[in-house]
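Quick note: the sequence shown uses my numbering, first residue 43, plus one each step.
All C-beta atoms in this analysis are idealised placements derived from N, C-alpha and C, irrespective of residue type, glycine included.
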Amino acid sequence: MALTGVEIFKLLPKTNCKKCGFPTCLAFAMKLAQRQASLEACPDVSEDAKQKLGAASAPPVRPITIGTGEKAVKMGEETVLFRHDKRFVNPCVFAMEIKDTLSEPDIKARVEEILNSEIDRVGQKLRIDSIALVNASGDTGKFESAAGIISSNAPGVPVIICTDNPQAAEAAVKLFSEKKPVIYGANPANIDLMVNLAKAYKATLGVTANGLDELGNLTEKVKSLGVEDMVIDSGARKAKEILEHNTLIRRSAVKKNFKPLGYPVITFAQREDSLVETLVASVAVAKYSSIVVLSSIEKWKNLALFTLRQNIYTDPQVPMQVEQKVYKVGEPTSDSPLFITTNFSLTYFIVSGELENSRVPGYLAVMDCEGLSVLTAWAAGKFTASKIAQFIKESGIEGSIKHRELIIPGYVAILSGAIEDKLEGWKITVGPREANGLPAFLKSRAA
Ligand code: SF4
């Protein structure tokens with residue numbers, strides 16, 4: 043069971059030295075109990091306390107990283123059942139299935155699709171993160187050859203090697219040695235050999251079972267054999283089972299601290315009908331899967347799933363923000379118009395999107411208002427005439443444009459006079475209230 047703040051406090055040095063960044067040991071203990079601090083922040087904690095606290099402060103779902111380099115993905119580390127309790131930590135991984143029965147050109151085409159799947163949404167890069175290579179042929183040579191094509195054409199993309207045949211698994215995994223792959227397919231019949239492979243190739247082991255009881259027993263066995271990095275599959279394939287099993291797994295881990303099920307869940311959502319597959323994958327994203335394997339990655343499907351994942355894994359306590367700076371839209375010149383708005387991500391992307399639609403190049407000054415939208419920032423005193431004037435002066439935009447005209451959002455028309463007073467020599471123009479009025483607004487200026 044997790045320790046309370048007071049129980050943790052008793053194990054700390056109690057010197058209140060502040061080296062951990064908290065004013066007292068008690069404050070640090072409280073943060074540890076809420077899993078909002080790491081024990082490593084206290085340099086003076088004893089080895090004995092470290093052992094006791096390390097286990098107690100570990101997240102109920104084990105953190106696992108697959109892949110290496112910039113495309114590595116971290117999963118697990120979750121601490122709550124519901125997003126609004128705190129937040130979900132590591133977004134689930136989308137993996138596209140590639141069967142070894144495909145021809146070389148088809149495998150390359152699928153790899154290409156994965157490499158080109160990245161989109162930019164609200165300032166975040168979203169993509170298909172991983173490849174699930176499936177030994178559909180049952181042939182070790184074909185599996186090895188497909189693994190070779192993937193390893194040379196998709197360097198850096200984390201790979202999940204799916205087979206319950208230890209020989210085939212070894213033939214493929216050796217090509218991803220040191221790349222932190224997943225070997226998926228450990229079951230009661232092959233467990234010892236698969237554990238040896240996971241150890242030899244420093245891979246995460248994907249453990250699959252027929253139901254939750256068998257799964258818990260298997261993970262215990264794998265752990266006793268010396269492998270702790272696991273992803274787990276209860277065998278659930280229907281949406282209803284996925285929902286039930288995943289909920290039981292997360293509830294056991296978070297509420298009961300039941301270690302045998304405290305691992306990221308891998309879900310196979312593949313269906314013949316792509317729409318049904320998207321719906322099944324959505325259930326998995328919403329309810330606790332850490333890896334969701336898909337059979338195809340059409341753009342519409344990616345957009346739906348990426349958006350769902352992004353919404354679920356966004357910290358509800360932190361507004362999404364973009365960096366404060368002057369952004370170029372198109373290729374503006376020194377005569378191009380200058381707009382201003384706040385740094386709430388959605389505001390920025392809607393405004394910049396409408397400016398792009400207008401096909402009039404311009405500058406968009408985005409001011410840090412702690413991620414608030416225009417009206418909210420104005421009401422909160424963060425988007426005021428003096429702050430806007432100061433930001434424009436300090437932004438350096440005066441060196442890039444010949445004119446001195448600033449277009450402000452119509453919702454804060456009331457600020458125009460005050461900004462003109464603060465920004466000497468500038469003309470303030472009131473733009474449309476809504477961003478979708480920008481193309482017509484710019485057209486009317488050009489007429
Ligand atoms: Fe206490 Fe350790 Fe923090 Fe110092 S660094 S205040 S000893 S918890």
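Helix, strand or coil at residue i [DSSP, three-state]
i    : result
S266 : helix
K141 : strand
Y226 : strand
K92  : helix
S316 : helix
V48  : helix
F124 : coil
S172 : strand
F136 : strand
F310 : strand
K221 : coil
V201 : strand
F130 : coil
P85  : coil
D255 : helix
K298 : coil
F185 : helix
F483 : helix
Residue i: CB within 8 angstroms of a non-hydrogen atom of the ligand SF4
i    : result
V84  : Note on identity: in this sequence residue 84 is Cys, with Val being the wrong assignment. True, at least one ligand heavy atom lies under 8 angstroms from that Cβ.
V87  : yes
A419 : no
K92  : no
K52  : no
A71  : yes
T46  : no
F310 : no
K60  : yes
P358 : no
F433 : no
F300 : no
P403 : no
Residues that residue i bridges to, as DSSP identifies them
i    : result
Y369 : L406
Q166 : R163
A75  : Beta-bridge pairing links A75 to no other residue.
G248 : Y226, V273
F70  : For F70, which the question treats as bridged, DSSP gives no partner whatsoever.
T57  : Beta-bridge pairing links T57 to no other residue.
M117 : I106
F386 : Q363
Through-space distance from residue j to residue i, alpha-carbon basis
i    : j    : result
S324 : D315 : 14 angstroms
E283 : A251 : 14 angstroms
C134 : E462 : 49 angstroms
A196 : A231 : 32 angstroms
Y453 : A422 : 14 angstroms
E119 : V273 : 12 angstroms
V87  : S99  : 14 angstroms
F425 : I140 : 51 angstroms
I192 : G277 : 27 angstroms
P55  : C67  : 8 angstroms
S219 : A69  : 43 angstroms
I382 : L448 : 7 angstroms
A27  : S378 : The shown model of the chain, from 43 to 489, leaves out residue 27, and the question about it has no answer.
L217 : A189 : 7 angstroms
V360 : L321 : 28 angstroms
K52  : G109 : 39 angstroms
T471 : Q166 : 32 angstroms
I161 : G96  : 38 angstroms
V201 : E440 : 49 angstroms
V48  : Q76  : 12 angstroms
L388 : S294 : 36 angstroms
Minimum Cβ-Cβ distance from residue i to chain D less than 9 angstroms
i   : result
L68 : Going by chain labels, chain D is absent from the structure shown, which holds only one protein chain.
May I have a chain-ordered list of the alpha helix (DSSP H) segments no shorter than 4 residues that lie completely inside the stretch 321-383? 341-355
Contiguous alpha helix (DSSP H) assignments of at least 4 residues, all confined to the stretch 392-475: 416-421, 427-437, 458-464
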